[in-house]
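The structure appears right after this line, and notes come after that.
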Amino acid sequence: MWQKWAPAAYAAGGALLAGAAAGAAYYKREELTASYTWATDHMKYVGTLWDEAALKRRVDTLFKIETSMGVLFRNFHTSLPANPPAFKDARTFIILPKPSSSYASHFLPAQNGLASDEISAHTGMFDAKTNDGYYELGLMTAQLLRDVIISIRTVREDVKPNETKGDAPKVRSASPKEDVEETAQTESLSTSEKGASEEESPLAEKSPRKYQHRSRKRW
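Residue numbers for the sequence shown follow the UniProt record's numbering, beginning at 1 and rising by one.
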């Protein structure tokens, strides 16, 4: 009897399970959509890391900008120490350029002895709790900034004013004798102008009381 109804029971059970899964998917449709969006966006970001040629072109461009425009380029990358026998060499989160490349010295290791793997070292790079080389990383960064500021100041001091704004007009300095003669002429001129102004002034400087006294005598 069971052999006769077994296929139908299996089919009905499968249909019920499929219906339950579809109902659950519809009920959780917003969470599933968000998860799918996150996964696709994450794959777009991570997918770039697989294109090694494109990554090399980006680094080449940065190196050219530093050479032609003087913009400093350095890369601090996490580096986990070797731990034999499992890890005979140091581990890094990124693919380092070949030692023979012109910009290999631009990639500076930031040691981390607390992280268990490369991903943990990368995500916990800027936290002293997960990176015992956090303060050393800060000191290296400050040293680079100091060197850049000093180099900029040195370049500005080396540039002369006439190289940027043209030759400035030369002003002839007067000798002490000429200064004395010019001062004497100025004092003489000011004295003559003062005398002329006094002669030209009318009865304004005469005492008004004198005229009032005369007018009283007439009356």
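A virtual CB, placed ideally from N, CA and C, is assigned to each residue, including glycine.
Residue i: first and last residue of the uninterrupted beta strand (DSSP E) it sits in
{"i": "L55", "result": "No beta strand (DSSP E) contains L55, which is instead part of the alpha helix (DSSP H) from 52 to 69."}
Classification of residue i by the beta-carbon crowding that lies within 10 angstroms, buried from 16 upward
{"i": "G133", "result": "buried"}
{"i": "W50", "result": "exposed"}
{"i": "T61", "result": "exposed"}
{"i": "M69", "result": "exposed"}
{"i": "A25", "result": "Low local confidence applies: a pLDDT of 46 at A25 is under 50, so the model's placement there is unreliable, and no value is given."}
{"i": "G113", "result": "exposed"}
{"i": "A121", "result": "buried"}
{"i": "W2", "result": "Bear in mind that a pLDDT of 42 at W2, under 50, signals an unreliable position, so the number given afterwards is only what the model happens to contain. W2 should be labelled exposed."}
{"i": "A204", "result": "Note that A204 scores a pLDDT of 47, beneath 50, so its modelled location is shaky and nothing firm can be said."}
Opposing strand residues paired with residue i [DSSP bridges]
{"i": "A128", "result": "Answer by DSSP bridge pairing: none, since A128 is not bridged."}
{"i": "T78", "result": "A110"}
{"i": "T92", "result": "S79"}
{"i": "F87", "result": "N83"}
Other residues of its chain near residue i: CB distance less than 8 Å, five sequence neighbours each side excluded
{"i": "A104", "result": "L96, P97, K98"}
{"i": "F73", "result": "L62, F63, I65, E66, Y103, H106"}
{"i": "S101", "result": "none"}
{"i": "Q143", "result": "none"}
{"i": "residue 225", "result": "Because the chain is modelled from 1 through 219, residue 225 falls outside the range shown and cannot be assessed."}
{"i": "Y135", "result": "A128"}
Nearest residue (CA-CA) to residue i, options the options
{"i": "S79", "options": "G124, R146, I150", "result": "G124"}
{"i": "S116", "options": "L72, R156, N131, V155", "result": "N131"}
{"i": "L137", "options": "S151, E118, S102, Q111", "result": "Q111"}
{"i": "I119", "options": "A128, T92, I150", "result": "T92"}
{"i": "I94", "options": "T48, A86, D127", "result": "T48"}
{"i": "T141", "options": "N75, I152, A86, R58", "result": "N75"}
Unbroken alpha helix (DSSP H) run spanning residue i, endpoints
{"i": "G133", "result": "Run containing G133: none; DSSP gives neither H nor E here."}
{"i": "S100", "result": "S100 -> no alpha helix (DSSP H), and no H or E assigned at all."}
{"i": "T123", "result": "118 to 123"}
Contacts around residue i, its chain only, beta-carbon distance under 6 Å, and the 5 residues preceding and following it disregarded
{"i": "P169", "result": "Confidence is the limiting factor: at P169 the pLDDT is only 48, short of 50, which leaves the residue's position unreliable and the question unanswerable from this model."}
Nonlocal neighbours in the same chain, by C-beta distance under 7 Å from residue i, ignoring five residues either side
{"i": "P109", "result": "H77, S79"}
{"i": "R148", "result": "Note that residue 148 corresponds to Val in the displayed sequence, not to Arg. Cβ neighbours of V148 beyond the five flanking positions: L72."}
{"i": "A82", "result": "K88, D89, A90"}
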